[in-house]
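Below is one structure, written out as structure tokens; the observations come after it.
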Amino acid sequence: DMIKTLFCQNDIDALIISFLTMSSKLNLKLSELYQLYIGKNILNKFRQDYGYKEGTYIKVWNGLEDNLVMQNILNENIDISPDNLYRKLQESYPA
Numbered sequence: 207d208m209i210k211t212l213f214c215q216n217d218i219d220a221l222i223i224s225f226l227t228m229s230s231k232l233n234l235k236l237s238e239l240y241q242l243y244i245g246k247n248i249l250n251k252f253r254q255d256y257g258y259k260e261g262t263y264i265k266v267w268n269g270l271e272d273n274l275v276m277q278n279i280l281n282e283n284i285d286i287s288p289d290n291l292y293r294k295l296q297e298s299y300p301a
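Here my numbering is used: the first residue of the sequence shown is 207, the next is one more, and so on.
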């Protein structure tokens, strides 16, 4: 239903309801969802800063895909700030 909602010109209310329904089915709390959203945003900024567009960015870090590294950092640091997440990504980056 969410894919249909995304691509069928429905209004934003339908998209939000679909998104929250999916999150509920996955047992994601809003705080966890927010944390993942912010984490992904910071990871995308990090990727750009470290050469993603140029093709020099390393996506697999010591055997783990960068999204998993980011999730592990979030799991180990529940109340981490965006700036500290960025620093932890820098510390973990294999370059």
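Glycine residues also receive a C-beta, built at the ideal position from the N, C-alpha and C atoms.
Neighbour-count burial assignment, residue i, 16 or more Cβ in a 10 Å radius
i      : result
Gln241 : buried
Leu291 : buried
Gly269 : exposed
Leu249 : buried
Asp289 : exposed
Ile284 : exposed
Ile218 : exposed
Asp255 : exposed
Gly261 : exposed
C-alpha distance - residue i paired with residue j, whole-angstrom precision
i      : j      : result
Leu295 : Lys259 : 18 angstroms
Glu297 : Asn247 : 18 angstroms
Val275 : Ala220 : 33 angstroms
Gln277 : Ile286 : 12 angstroms
Ile264 : Ile279 : 17 angstroms
Ser237 : Phe225 : 14 angstroms
Asn273 : Pro300 : 14 angstroms
Ala257 : Asn281 : Checking the displayed sequence, the identity of residue 257 turns out to be Gly instead of Ala. About 26 angstroms.
Same chain, Cβ closer than 7 angstroms to residue i, neighbours up to 5 away in sequence not counted
i      : result
Ser229 : Leu239
Reduced DSSP category for residue i - H, G, I as helix; E, B as strand; rest coil
i      : result
Leu234 : coil
Glu271 : strand
Spatial neighbours of residue i in its chain, beta-carbon cut-off 8 angstroms, leaving aside the 5 residues before and after
i      : result
Lys251 : Tyr292
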